[in-house]
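If you want this note's numbering, it's the position in the sequence shown, counting the first as 1, plus 528.
Even glycine gets a Cβ: it sits at the ideal position worked out from N, Cα and C.
Since the structure is predicted, the reported quantities are computational estimates derived from the model, not experimental observations.
Notes to accompany the following structure.
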Amino acid sequence: MLLFYLSLLTNDEDKEIIIYIYERYYSYMAYTAARELGNKRHVEDIVHTVMLTLIEMIERIDYSDKKKLLQLCILISKRKAIDFKRKKFNTDTSTKEYHGDHDEILESPEDIVISREGYERLKASFDELDDIYKEVCRLRFLHGMSDKEIANLLGVSEAAVSMRIFRARKKLAELLKKENYNV
Numbered sequence: 529m530l531l532f533y534l535s536l537l538t539n540d541e542d543k544e545i546i547i548y549i550y551e552r553y554y555s556y557m558a559y560t561a562a563r564e565l566g567n568k569r570h571v572e573d574i575v576h577t578v579m580l581t582l583i584e585m586i587e588r589i590d591y592s593d594k595k596k597l598l599q600l601c602i603l604i605s606k607r608k609a610i611d612f613k614r615k616k617f618n619t620d621t622s623t624k625e626y627h628g629d630h631d632e633i634l635e636s637p638e639d640i641v642i643s644r645e646g647y648e649r650l651k652a653s654f655d656e657l658d659d660i661y662k663e664v665c666r667l668r669f670l671h672g673m674s675d676k677e678i679a680n681l682l683g684v685s686e687a688a689v690s691m692r693i694f695r696a697r698k699k700l701a702e703l704l705k706k707e708n709y710n711v
C-alpha cells in the first residue's frame with residue numbers, strides 16, 4: 529500500500545514524510561480506528577482514508593514536531609472512524625452542542641499564549657472542553673488549520689467549524705478566568 533501512496537506524490541521530501549508516517553504511526557492509527565469502531569474488520573479502510581487525507585494536506589504538516597504529528601494522525605483516524613461508523617451504521621455519535629449567546633466578544637486564545645507556560649495551560653485547557661470543541665481547537669490552534677480544512681476533515685460546514693471555535697473560545701476564556709488568567 530505504501531507504494532500506492534508514494535505514487536501520488538512527486539516531491540521527494542513529501543514522500544519521506546509519508547514513509548515516516550506510515551512506518552512509525554500506522555499502528556497508532558490502526559489502534560485508534562479499531563478502538564473507535566469496536567472491531568478490526570474495517571481498520572485497513574480507515575487507515576487508507578487517513579493516509580489519503582494526510583497526502584492531501586501534506587504541505588500543511590509540521591514534520592519537525594513528532595508529537596504534534598502523532599496527535600494529528602490519531603485525531604484524523606478517530607474522525608474518519610466516526611464518519612465511517614455514521615455512514616455504515618447510520619448512527620449519531622456526535623456530542624450535543626451548547627447553544628450560547630453571541631453577545632460577548634472575547635480575546636482570542638492565541639493572545640493568551642505569551643509564554644511557554646501560557647501555551648501549556650491553554651493546551652491543558654483543551655482537555656477540559658467537550659470533544660466537539662476539543663477537536664476543532666487542536667486542529668486550529670495546535671496544527672494551524674483553516675476553518676475550511678477543518679470542515680473538510682470533520683465533514684461539517686465551515687459555519688459549524690466557526691461556531692464551534694467561537695464557543696470553544698468562550699469556554700476557554702471562562703476556564704482561564706477561573707485560573708486567574710486575564711482574558
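Query: Contact check, L682 vs R588, beta carbons under 8 Å; Result: no
Query: For M520, three-class secondary structure by DSSP; Result: With the chain covering only 529 through 711, there is no way to say anything about residue 520.
Query: Helix, strand or coil at R697 according to DSSP, with G and I counted as helix; Result: helix
Query: Beta-carbon proximity of E663 to L700, cut-off 8 Å; Result: no
Query: Residues of its chain near L703, where Cβ-Cβ distance is below 7 Å and the 5 sequence neighbours each way are ignored; Result: S653 and E656
Query: Neighbourhood of L530 by C-beta, 6 Å cutoff - its chain only, sequence neighbours within 5 removed; Result: Y550
Query: I698 classed as buried or exposed, judged by whether at least 16 other C-beta atoms fall within 10 angstroms; Result: The displayed chain sequence assigns Lys, not Ile, to residue 698. That one is buried.
Query: Length of the line joining the Cα atoms of M557 and Y548; Result: 13 Å
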